[in-house]
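Asks: Handing you this structure, nothing more for now.
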């Protein structure tokens with residue numbers, strides 16, 4: 055099976071307050087970067103995270119896996135690339151973060167999310183209107 | 055005029071992710087500490103920030119002044135003490151942060167807040183039910 | 055094989071600024087909670103994260119897996135319990151977060167870390183001095 | 055005296071994790087935005103915050119004043135504009151944050167900083183090499 059292709063990319067410049075006393079971006083901030091990248095992707099499909107909420111649809115993360123390879127530092131620009139797969143009711147985001155200057159892969163993420171309506175997980179069909187054509 | 059007395063105190067242990075590459079708690083986190091201390095104070099009066107929201111009352115910060123004196127570091131415990139004054143529609147929190155180990159004053163804050171209902175600032179009377187006896 | 059027993063626990067009260075617009079603790083903050091809990095565990099063994107750094111030993115996270123089950127909210131107290139296994143050069147922290155009020159399991163984490171000296175991963179023997187008796 | 059002119063500007067898109075349960079950017083994050091904007095300004099003068107640190111010069115914030123006017127929300131783009139004055143040993147940053155879409159002034163900041171060498175405040179001459187021509 056050929057490797058899926060990235061369908062969206064977000065650039066984020068490291069902010070110094072995101073770095074911890076080791077002088078590197080704190081691990082939890084990669085999760086923040088990935089959340090922001092997902093929401094930017096969502097916006098690019100024509101709807102925002104807050105718009106979904108206004109329709110009563112909450113996107114909820116069920117599972118996060120992040121592998122850390124190379125540390126981002128002050129002045130670095132991160133490029134967050136993603137693609138998306140549907141696995142039953144789950145929308146799984148594969149999100150890789152690269153260092154822009156040299157293209158090094160810094161972190162790989164796999165984020166499972168579901169849509170909930172009234173607090174209950176749905177089969178996900180609410181989101182295919184937006185995500186359908188992006189599913190790989 | 056005698057100095058007002060603190061009416062509430064919250065202890066917070068420094069978390070390493072709150073420290074930046076200088077090895078000290080990042081300045082913005084003192085504002086987070088102070089917010090948490092205000093909300094803890096609020097809870098101690100018998101109502102939470104979320105309870106006020108459920109009644110349609112939003113507490114909104116209008117102005118923050120923080121003077122930084124001594125930096126908090128890994129392993130430090132911060133003690134956030136506060137007192138409160140009403141100035142017309144404003145509730146002004148005076149919040150000082152001490153280092154527990156030696157009692158050093160680390161930061162002094164003055165935070166002006168107002169209550170809003172339906173997005174409009176009120177005269178503040180909604181909050182005196184809770185804060186009334188604490189006003190100095 | 056019997057389930058391992060937790061060897062350390064840290065209580066953390068939810069701070070309202072940790073909650074996002076969904077009114078629940080933002081996912082990335084669970085990773086912050088877990089980092090703080092690991093560092094508290096480290097302190098309980100007699101050495102701090104900053105003390106290790108002063109000896110030239112950096113603890114670095116290689117992989118994070120977090121499963122989200124129940125959302126923490128304003129006023130909740132989280133109890134972070136952990137145990138630890140060595141897998142070759144890796145120290146793997148199993149970290150579960152419970153809601154104190156009713157004992158509900160909110161999140162399960164598995165965090166792989168290694169020790170580095172001069173930027174190179176070690177076989178981990180530097181840390182067994184501290185962790186040895188806690189390994190399950 | 056004519057109003058000083060802004061000498062630098064940084065654009066920041068609101069990230070949803072920066073919004074709190076009120077659905078607006080949490081107050082402390084404006085301080086983060088301002089810190090990032092100062093560091094971007096610093097970089098534009100030819101030196102980074104980390105470069106100064108490598109030379110033994112630490113920039114330390116002594117006092118922060120922020121007035122909050124209009125709340126930033128999801129999808130907003132913030133434009134952080136600043137100018138700079140020297141007051142004796144202090145470098146005072148005047149930092150205003152606008153909402154890009156309609157130019158509304160959202161927050162006004164005044165941040166006093168000093169340079170320290172070996173932990174002691176200096177007269178600030180180390181920084182005039184970089185800031186000199188920008189002082190108003």
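Residue numbers (our numbering), protein chains in the order written: chain A, 55 to 190; chain B, 55 to 190; chain C, 55 to 190; chain D, 55 to 190.
Cβ atoms here follow ideal geometry from the backbone N, Cα and C, with glycine treated the same way.
Need the endpoints of the alpha helix (DSSP H) that residue 84 of chain C sits in, please.
Replies: As a first step, residue 84 of chain C must be located in the third chain, where it is residue number 30. First-last of the alpha helix (DSSP H) with residue 84 of chain C: 81-98.
Asks: Assuming residue 115 of chain A and residue 167 of chain A make a contact with CB atoms under 8 Å, what is their CB distance in whole Å?
Replies: Taking the first residue of the first chain as position 1, residue 115 of chain A is located at position 61. Taking the first residue of the first chain as position 1, residue 167 of chain A is located at position 113. About 5 Å separates the two Cβ atoms, so the contact holds.
Asks: Beta-carbon of residue 82 of chain C versus every beta-carbon of chain A: anything under 9 Å?
Replies: Position 28 of the third chain, counting from 1, holds the residue named residue 82 of chain C. Closer than 9 Å: yes.
Asks: Determine whether the Cβ of residue 173 of chain A lies closer than 9 Å to any Cβ atom of chain B.
Replies: Taking the first chain and counting its residues from 1, one reaches residue 173 of chain A at position 119. No, its Cβ sits nowhere closer than 9 Å to a Cβ of chain B.
Asks: By the 10 Å Cβ neighbour count, where 16 or more other Cβ atoms means buried, how is residue 108 of chain D classified, buried or exposed?
Replies: For the purposes of this step, residue 108 of chain D is identified with residue 54 of the fourth chain, where counting begins at 1. Exposed, because fewer than 16 other Cβ atoms sit within 10 Å of the Cβ of residue 108 of chain D.
Asks: Look at the alpha carbon of residue 101 of chain B and the alpha carbon of residue 65 of chain C, and state the distance between them as a whole number of angstroms.
Replies: Counted from its first residue, the second chain places residue 101 of chain B at position 47. Counted from its first residue, the third chain places residue 65 of chain C at position 11. Taking the straight line joining both Cα atoms gives about 22 Å.
Asks: In the DSSP assignment, what are the bridge partners of residue 42 of chain A?
Replies: Here chain A comprises residues numbered 55 to 190, so residue 42 of chain A is not present and cannot be evaluated.
Asks: Would you kindly check if the distance between the Cβ of residue 154 of chain D and the Cβ of residue 124 of chain D is under 9 Å?
Replies: For this step, residue 124 of chain D is matched to residue 70 along the fourth chain. For this step, residue 154 of chain D is matched to residue 100 along the fourth chain. No, the pair does not count as a contact, with Cβ atoms beyond the cut-off.
Asks: Could you give the residue range of the beta strand (DSSP E) that holds residue 170 of chain B?
Replies: Along the second chain, one-based indexing puts residue 170 of chain B at 116. Note, residue 170 of chain B: beta strand (DSSP E), 159-171.
Asks: Counting Cβ pairs closer than 8 Å, one from the stretch 83-95 of chain B and one from the stretch 68-86 of chain D, do we hit at least three?
Replies: Contact holds: three or more Cβ-Cβ distances are below 8 Å.
Asks: Please tell me whether residue 163 of chain B and residue 147 of chain B are closer than 9 Å, where the distance is taken between their beta carbons.
Replies: In the second chain, residue 163 of chain B corresponds to position 109, counting from 1. In the second chain, residue 147 of chain B corresponds to position 93, counting from 1. Yes, the Cβ-Cβ distance between residue 163 of chain B and residue 147 of chain B is below 9 Å.
Asks: Please report how far the alpha carbon of residue 103 of chain A lies from the alpha carbon of residue 139 of chain C, in whole angstroms.
Replies: Walking along the first chain from the start, residue 103 of chain A turns up at place 49. Walking along the third chain from the start, residue 139 of chain C turns up at place 85. Straight-line Cα distance between these residues: approximately 39 Å.
Asks: Does any CB atom of chain D fall closer than 9 Å to the CB of residue 76 of chain C?
Replies: Indexing the third chain from 1 puts residue 76 of chain C at position 22. It does: the Cβ of residue 76 of chain C has a partner Cβ on chain D nearer than 9 Å.
Asks: What are the residues that DSSP puts in a beta bridge with residue 117 of chain C?
Replies: In the third chain, the residue the question calls residue 117 of chain C occupies position 63. BP columns for residue 117 of chain C point to A/121 and C/166.
Asks: Quick one: is residue 171 of chain A buried, meaning 16 or more other Cβ sit within 10 Å of its Cβ, or exposed?
Replies: Start at 1 with the first residue of the first chain, and residue 171 of chain A comes out as number 117. Its Cβ having fewer than 16 others within 10 Å, residue 171 of chain A is exposed.
Asks: Given that residue 71 of chain B touches chain A, what residues does it touch there, using C-beta distances under 7 Å?
Replies: In the second chain, residue 71 of chain B corresponds to position 17, counting from 1. Those within 7 Å of residue 71 of chain B in chain A are 74, 80 and 82.
Asks: Measuring only between beta-carbons, confirm whether residue 128 of chain C sits less than 9 Å from chain D.
Replies: In the third chain, the residue the question calls residue 128 of chain C occupies position 74. Yes, contact with chain D.
Asks: Leaving aside the five residues before and after residue 135 of chain A along the sequence, list all residues of the same chain whose C-beta is less than 6 Å from its C-beta, in chain order.
Replies: In the first chain, the residue the question calls residue 135 of chain A occupies position 81. Closer than 6 Å at the Cβ level, and outside the excluded window around residue 135 of chain A, lie 60, 63 and 150.
Asks: Which of the three DSSP states is assigned to residue 60 of chain D in this structure?
Replies: For the purposes of this step, residue 60 of chain D is identified with residue 6 of the fourth chain, where counting begins at 1. The answer is coil: DSSP assigns residue 60 of chain D none of H, G, I, E or B.
Asks: Looking at residue 71 of chain D: is its Cβ nearer than 9 Å to the Cβ of residue 70 of chain C?
Replies: Taking the first residue of the fourth chain as position 1, residue 71 of chain D is located at position 17. Taking the first residue of the third chain as position 1, residue 70 of chain C is located at position 16. No. Outside cutoff.
Asks: Rank A/177, A/161 and A/126 by C-alpha distance to the C-alpha of residue 118 of chain A and give the top, closest one.
Replies: Here the question's residue 118 of chain A lines up with position 64 in the first chain. Considering only alpha carbons, the answer is A/161.
Asks: Less than 9 Å between CB atoms is the rule here; does residue 140 of chain B satisfy it with respect to chain D?
Replies: Residue numbering aside, residue 140 of chain B sits at position 86 when the second chain is read from its first letter. Answer no: the Cβ-Cβ gap between residue 140 of chain B and chain D never drops below 9 Å.
Asks: In chain order, what residues of the same chain lie with their CB nearer than 7 Å to the CB of residue 111 of chain A, ignoring the 5 residues before and after it?
Replies: Locating residue 111 of chain A in the first chain gives position 57, where the first residue counts as 1. Here the set comprises 169, 171 and 180.
Asks: Compare the beta carbon distance of residue 137 of chain D and residue 188 of chain D with 9 Å and say whether it is the shorter of the two.
Replies: Position 83 of the fourth chain, counting from 1, holds the residue named residue 137 of chain D. Position 134 of the fourth chain, counting from 1, holds the residue named residue 188 of chain D. Result yes, Cβ atoms of residue 137 of chain D and residue 188 of chain D sit closer than 9 Å.
Asks: Would you say residue 116 of chain D lies against chain B (beta-carbon separation less than 9 Å)?
Replies: Locating residue 116 of chain D in the fourth chain gives position 62, counting from the first residue. Yes, residue 116 of chain D counts as interfacial toward chain B.
Asks: Would you tell me roughly how many angstroms separate the C-alpha atoms of residue 128 of chain A and residue 68 of chain D, rounded to the nearest one?
Replies: Taking the first chain and counting its residues from 1, one reaches residue 128 of chain A at position 74. Taking the fourth chain and counting its residues from 1, one reaches residue 68 of chain D at position 14. The alpha-carbon atoms of residue 128 of chain A and residue 68 of chain D are separated by roughly 20 Å.
Asks: Using only alpha-carbon positions, find the residue among B/91, B/130, B/141 and B/122 that is nearest to residue 186 of chain B.
Replies: In the second chain, residue 186 of chain B corresponds to position 132, counting from 1. The residue with the shortest Cα to Cα distance from residue 186 of chain B is B/141.
Asks: Does the Cβ of residue 89 of chain D have 16 or more other Cβ atoms within 10 Å, making it buried, or fewer, making it exposed?
Replies: Position 35 of the fourth chain holds residue 89 of chain D. Classification for residue 89 of chain D: buried.
Asks: Do residue 178 of chain B and residue 143 of chain B have their C-beta atoms within less than 9 Å of each other?
Replies: The count along the second chain starts at 1 and reaches residue 178 of chain B at position 124. The count along the second chain starts at 1 and reaches residue 143 of chain B at position 89. Their beta carbons are under 9 Å apart, which means residue 178 of chain B touches residue 143 of chain B by this criterion.
Asks: Residues in its own chain within less than 7 Å of residue 76 of chain B by CB, not counting five upstream and five downstream?
Replies: The sequence position of residue 76 of chain B within the second chain is 22, counting from 1. Result list for residue 76 of chain B: empty, nothing under 7 Å.
Asks: So residue 89 of chain B contacts chain C; which residues on that side make the cut at Cβ distance below 8 Å?
Replies: To locate residue 89 of chain B, count along the second chain from 1; it is residue 35. Simply 69, 70 and 71.
Asks: Helix, strand or coil: which one does DSSP assign to residue 140 of chain C?
Replies: Walking along the third chain from the start, residue 140 of chain C turns up at place 86. In the structure shown, residue 140 of chain C sits in a strand (DSSP, three-state: E or B).
Asks: Is residue 100 of chain A close to chain D, meaning its C-beta is less than 9 Å from at least one C-beta of that chain?
Replies: As a position in the first chain, residue 100 of chain A is number 46, starting the count at 1. Output row for residue 100 of chain A: interface = no.
Asks: In chain order, what residues of the same chain have a beta carbon less than 8 Å from the beta carbon of residue 93 of chain C, not counting five sequence neighbours either side?
Replies: Counted from its first residue, the third chain places residue 93 of chain C at position 39. Around residue 93 of chain C: 102 and 103.
Asks: So residue 182 of chain C is in the alpha helix (DSSP H); what residue range does that whole segment cover?
Replies: The residue you call residue 182 of chain C lines up with position 128 of the third chain. 179-185 is the span of the alpha helix (DSSP H), which, as asked, contains residue 182 of chain C.
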